[in-house]
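Just below is one structure, and these are the notes that go with it.
Numbering (this note's numbering), first residue to last: 7 to 325.
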C-alpha cells in the first residue's frame with residue numbers, strides 16, 4: 007500500500023525517460039507517474055513534442071481570433087454539435103453542481119480526420135494560422151498522450167498497448183480558452199473563470215497558461231497553485247481514467263480562480279488537450295483495481311454514455 011503523500015507542488019517528469027529505450031529509466035518513469043497520479047492526480051512533463059515556436063504561434067493566433075468582433079466569432083458557433091466543435095460563446099458552460107456560468111469563451115478542435123459519424127472541424131476562414139496551429143498542436147499532444155497512456159498501462163500491469171486501439175481516432179478535443187477581462191464592479195457574485203471541477207476524459211494535457219490562476223485541491227482540503235515552467239505541459243487524470251481504475255488513479259478537483267482585483271482587467275489564455283477514447287470504450291472498473299479495501303465505486307458504462315451524461319450536466323447538450 008502506498009503511503010499517502012501531500013504534495014506542495016506537482017512532480018516534474020521527463021517523457022524522454024519513457025521513450026529513451028533505457029529499461030531502467032522507463033521503469034522509473036512508470037512508477038513516478040503512477041505514484042503522482044495515485045496521490046495528487048497531476049504531473050508536469052518535459053519533452054512532450056511541442057516547440058516554443060508552435061506554442062507561441064498557437065497563443066498568438068488564439069489571441070487574434072478571440073479579439074475578433076462577436077459577429078465574426080458567432081459564425082463558427084454550432085449549437086447542434088453540443089459544443090464539441092467550433093466556437094462556444096460567453097456564459098455557455100456551467101461547472102457540474104454550480105448555478106452560475108464560467109467567465110470564459112472557447113474554441114474546440116477535434117480529430118483532424120474524423121471517422122464514422124464524428125463531426126468535421128470548424129475552422130475560421132478569416133484566421134488560417136489559428137486553424138493550422140491548432141491542428142498541429144492537436145496531433146503533437148495526442149502523440150504525447152498516447153505515450154503517457156502506455157506508461158499508465160504498464161503501471162496498472164496491463165499490456166503496454168492496452169489503450170492504443172481505444173484512443174485511435176478518439177473523441178479528443180483541443181480547447182483554446184479565453185478568460186476575458188472582468189470588471190470587478192459588475193462581475194456576478196460567485197462567478198469565477200472556471201469553477202471547481204474534474205475533467206471528463208482519460209487525461210488532460212495543458213500547455214503553459216498565459217497567467218496564474220490554476221489551483222488543485224489536495225486531499226487534505228488545501229488548494230495549491232500550479233505553475234508549470236514554459237517548457238512543461240501539465241498532465242492530469244480525468245474522470246474516465248478514475249472510473250476505469252476504481253479511483254486508484256485520482257481525478258483531482260481543480261479550478262481557475264479570478265485574479266486579484268487590480269489584474270481583473272487582463273485576459274488569460276489557456277489551451278488544454280482533453281484526451282478522450284472512442285465512444286465505445288468500456289469504462290467498467292478493472293478487476294485488478296477492486297478488492298476488499300477498495301470496493302467497486304462506479305456503475306458500468308461506456309465512454310460515450312459517460313460523455314453524454316456530463317455534457318448535459320455542463321449545459322452543453324440538451325436532455
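From the three backbone atoms N, C-alpha and C, an ideal C-beta is built for every residue, glycine too.
- Just measuring C-alpha positions, the residue of 279, 268, 203 and 88 sitting nearest residue 240 is 279.
- According to DSSP, residue 20 shares a beta bridge with 52.
- Between residue 273 and residue 186 the beta-carbon gap is near 6 Å, inside 8 Å, which marks them as a contact.
- By the Cβ neighbour-count rule, residue 303 is exposed, with fewer than 16 other Cβ atoms within 10 Å of its own.
- According to the DSSP secondary-structure assignment, residue 275 is paired through a beta bridge with 184.
- Judged by beta-carbon spacing, residue 244 lies within the 7 Å limit of residue 207, meaning their Cβ atoms are closer than that value.
- With fewer than 16 other CB atoms across the displayed protein chains lying within 10 angstroms of its CB, residue 294 is exposed.
- Just measuring C-alpha positions, the residue of 46, 176, 19 and 32 sitting nearest residue 255 is 46.
- With a threshold of 16 other beta carbon atoms within 10 Å, residue 184 meets it and is buried.
- Taken in chain order, the complete alpha helix (DSSP H) segments of 4 residues or longer contained in the stretch 216 to 268 are 245 to 250.
- Per DSSP, residue 151 is one residue of the alpha helix (DSSP H) stretching across 134 to 161.
- Listed as beta-bridge partners of residue 92 by DSSP are 114.
- Taking a C-beta distance under 7 Å as the contact criterion, residue 93 and residue 65 do not qualify as a contact pair.
- Within the same chain, and ignoring the five residues on either side of residue 166 in sequence, the residues whose Cβ sits closer than 6 Å to its Cβ are 156, 159 and 160.
- Residues 169, 170 and 173 of the same chain have their beta carbon placed closer than 8 Å to that of residue 152, with the five preceding and five following residues left out of the count.
- For residue 35 and residue 80, the gap between their C-alpha atoms comes out near 44 Å.
- In the displayed model, residue 308 falls within a strand according to three-state DSSP.
- In this structure, the CA atom of residue 225 is about 14 Å from the CA atom of residue 41.
- Inter-segment contact for the stretch 10 to 20 and the stretch 47 to 58 is present: three or more beta-carbon pairs are separated by less than 8 Å.
- Beta-bridge partners of residue 287 (DSSP): none assigned.
- Contact annotation, residue 31 with residue 23: C-beta distance approximately 4 Å; criterion of less than 8 Å satisfied.
- With 16 or more other CB atoms across the displayed protein chains lying within 10 angstroms of its CB, residue 282 is buried.
- DSSP places residue 280 in the strand class (E or B) of the three-state scheme.
- In this structure residue 246 is not in contact with residue 190, their Cβ atoms being roughly 37 Å apart against a cut-off of 8 Å.
- Residue 116 holds the alpha-carbon nearest to the alpha-carbon of residue 137 among 276, 116 and 260.
- DSSP links residue 211 through a beta bridge to 241 and 279.
- For residue 45, the enclosing alpha helix (DSSP H) begins and ends at 29 to 45.
- By the Cβ rule, the stretch 259 to 266 does not count as touching the stretch 70 to 85, because fewer than three pairs are nearer than 8 Å.
- A direct Cα-Cα distance of roughly 6 Å separates residue 310 from residue 286.
- At a Cβ-Cβ threshold of 7 Å, residue 222 and residue 260 count as neighbours.
- Under the three-state reduction of DSSP output, residue 202 falls in the strand class.
- The alpha carbon of residue 63 has as its nearest neighbour, out of 305, 277, 313 and 297, the alpha carbon of 277.
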